[in-house]
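Using full-length UniProt numbering, read the sequence shown as starting at 1 and increasing by one per residue.
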Amino acid sequence: MEKSRQIQLVKKAKKGDDQAFITLCEDYQQVIYNAAYKILLNHADASDCLQEAEVKAWQNIRSLKNEAAFNSWLFRIMANIAKSMLTKKQKYVELKEHHLVSEQQETTVSDDIQDSLAKLPDVYRIILVLYYYAGFSIKQISEHERKPINTVKTRLARGRKMLKELLEDKKYG
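This is the structure:
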């Protein structure tokens, strides 16, 4: 979305124009949903997360100071909700992994990456998703996660290494 158009829509939404807000959400819906799915690894949870993020954004749109940063603001709301959902899920549900792949199906590189990403611990997966899928800088991730920049760099490097090892195991295992 063009920044000037985004700023104009955010200003209207701040004044209570629900149609302007809907337009903003529709423009970023696919990107936000995809990132939520990569964190939560479940379509139903990703949909719930997206819906909750949009509701929370609507309720707090007036607090947004920088209209040009709407997309990253909405993304941060989604990421916080996704992290909260993961925490709740880990507390109350035993995670069961099951993969039903028929012998006729061929897995693609994208499927291999998605499967391997799903096996990473949350602290590494979230950092990788924020960096590679959402396009956050290391500084932005540091602010979002409330972690020192060096911690983010370390987790990003470890996450990459773990992902690489998982992908190599898939390829040669």
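Even glycine gets a Cβ: it sits at the ideal position worked out from N, Cα and C.
Bear in mind the structure is a predicted one, so any value in this text is a computation, not a measurement.
Applying the 10 Å Cβ sphere with the 16-neighbour rule, what's the burial state of residue i?
{"i": "Glu54", "result": "buried"}
{"i": "Gln6", "result": "buried"}
{"i": "Lys164", "result": "exposed"}
{"i": "Leu149", "result": "The sequence as given places Ile at residue 149; Leu does not occur at that position. By the 10 Å Cβ count, Ile149 comes out exposed."}
{"i": "His43", "result": "exposed"}
{"i": "Ala82", "result": "buried"}
{"i": "Arg125", "result": "buried"}
{"i": "Gln105", "result": "With a pLDDT of 41 at Gln105, under the threshold of 50, the modelled position of that residue is not reliable, and no figure is offered here."}
{"i": "Ala57", "result": "buried"}
{"i": "Ala157", "result": "exposed"}
{"i": "Lys38", "result": "buried"}
{"i": "Arg76", "result": "buried"}
Locate the alpha helix (DSSP H) running through residue i, then write down its first and last residues.
{"i": "Tyr124", "result": "122-128"}
{"i": "Lys12", "result": "3-14"}
{"i": "Ala53", "result": "43-60"}
{"i": "Leu40", "result": "18-40"}
{"i": "Ser142", "result": "138-145"}
With a cut-off of 8 Å on the beta carbons, I'd call residue i and residue j a contact; round off their distance for me.
{"i": "Cys49", "j": "Ala36", "result": "4 Å"}
{"i": "Lys40", "j": "Met85", "result": "The sequence shown places Leu at residue 40, not Lys. With a Cβ gap of about 6 Å, Leu40 and Met85 count as contacting."}
{"i": "Arg155", "j": "Val123", "result": "6 Å"}
{"i": "Leu167", "j": "Lys119", "result": "Wrong, their Cβ atoms sit about 10 Å apart, outside the cutoff."}
Check the Cβ-Cβ distances between residue i and every residue of chain C, and say whether any is below 8 Å.
{"i": "Gly16", "result": "Included in the structure is just one protein chain, with no chain C present."}
Examine the Cβ distances between the region 61-75 and the region 5-20 and report whether three or more of them are shorter than 8 Å. yes
At a cut of 8 Å, does the region 12-25 reach the region 112-119 through at least three beta carbon pairs? no
Would you say the region 25-38 touches the region 129-136, given that touching needs at least three Cβ pairs under 8 Å? yes
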